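Numbering (this note's numbering), first residue to last: 22 to 243. Take a look at the structure set out below.
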Ligand code: DX5
Ligand code: ZN
């Protein structure tokens with residue numbers, strides 16, 4: 022099974038509930054929420070308050086991506102607000118296993134993520150505990166950036182690490198995912214795909230955006 026996770030960072034916030042409902046009707050699997058603290062990344066976005074609103078708008082799992090310097094203090098508020106998955110960055114986690122265990126004890130799926138420049142090896146301590154591994158395919162911070170093809174080899178490497186460890190964790194990718202780039206990450210072994218612009222800014226609408234991601238396959242030439 023493949024997961025499509027619309028990133029609401031690219032949604033029209035004056036119509037958030039409506040757009041989340043449209044994603045659900047169109048067969049989206051998870052709703053991805055990008056939390057940015059203005060410190061780990063320059064941008065500042067959403068807190069537990071928005072997750073709580075999303076929780077009322079959908080029954081889909083809410084996939085919370087914490088781009089924050091201090092994830093520890095935010096785990097409980099986001100879990101209480103209704104997050105289903107909590108994903109933390111290895112770059113800021115001093116005690117990765119401890120953080121993942123805390124997430125699990127809060128009843129959420131424990132996720133871990135890597136920036137494009139961070140080596141896959143940094144995941145090693147998380148492998149026995151992570152239910153989700155997110156490989157960033159752009160530098161985090163903004164929607165609408167260009168996919169970084171140089172990260173593909175790391176997706177392959179992470180796939181191998183998970184398989185060798187006997188892990189059933191989701192391998193998710195995030196950033197610049199479109200009908201043009203999804204075939205490459207799928208081939209590299211990703212199973213869950215976050216997309217912002219490709220869904221919310223699709224010229225034919227949300228349902229067409231989701232459909233085009235699901236149906237994109239490599240052409241005969243590539
Ligand atoms: C980037 C965020 C992404 C972003 C994806 O920092 O983590 O989830 O919203 O947006 P697109 O698909 O437009 O690159
Ligand atoms: Zn994200």
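Idealized CB from N, CA, C, for every residue including glycine. These numbers were taken from a predicted model, which means no experiment stands behind them.
- Using a cutoff of 7 Å, the CB of residue 105 does not count as near the ligand ZN, since none of the ligand's heavy atoms is closer than that.
- Residue side-chain check: residue 110 keeps its Cβ at 7 Å or more from all non-hydrogen atoms of the ligand ZN.
- In the DSSP assignment, residue 27 is bridged to 216.
- Distance from the CA of residue 214 to the CA of residue 99, rounded to the nearest whole angstrom, comes to 22 Å.
- Counting along the chain, the unbroken beta strand (DSSP E) around residue 153 starts and ends at 153-157.
- Remark: the shortest separation between the CB of residue 28 and any heavy atom of the ligand DX5 falls under 7 Å.
- Shortest gap from the CB of residue 215 to any heavy atom of the ligand ZN: under 7 Å.
- The secondary-structure analysis by DSSP pairs residue 121 with nothing; it has no beta-bridge partner.
- Under DSSP, residue 134 forms a beta bridge with 110, 155.
- The beta carbons of residue 113 and residue 143 sit about 11 Å from each other, so the pair does not count as a contact at 8 Å.
- If you draw a straight line from the Cα of residue 136 to the Cα of residue 195, it comes to about 10 Å.
- The nearest non-hydrogen atom of the ligand ZN is less than 7 Å from the C-beta of residue 55.
- Separation of residue 237 and residue 199 (C-alpha to C-alpha, rounded to the nearest whole angstrom) is 9 Å.
- Between residue 209 and residue 180, the C-beta gap is smaller than 8 Å, which places the two residues in contact.
- Within the chosen limit of 7 Å, the ligand DX5 reaches the beta carbon of residue 164 through at least one heavy atom.
- Linking residue 101 to residue 126 through their CA atoms gives a straight-line distance of about 12 Å.
- Taking all protein chains in view, the Cβ of residue 94 is surrounded by fewer than 16 other Cβ atoms within 10 Å, so the residue is classified as exposed.
- Linking residue 129 to residue 73 through their CA atoms gives a straight-line distance of about 15 Å.
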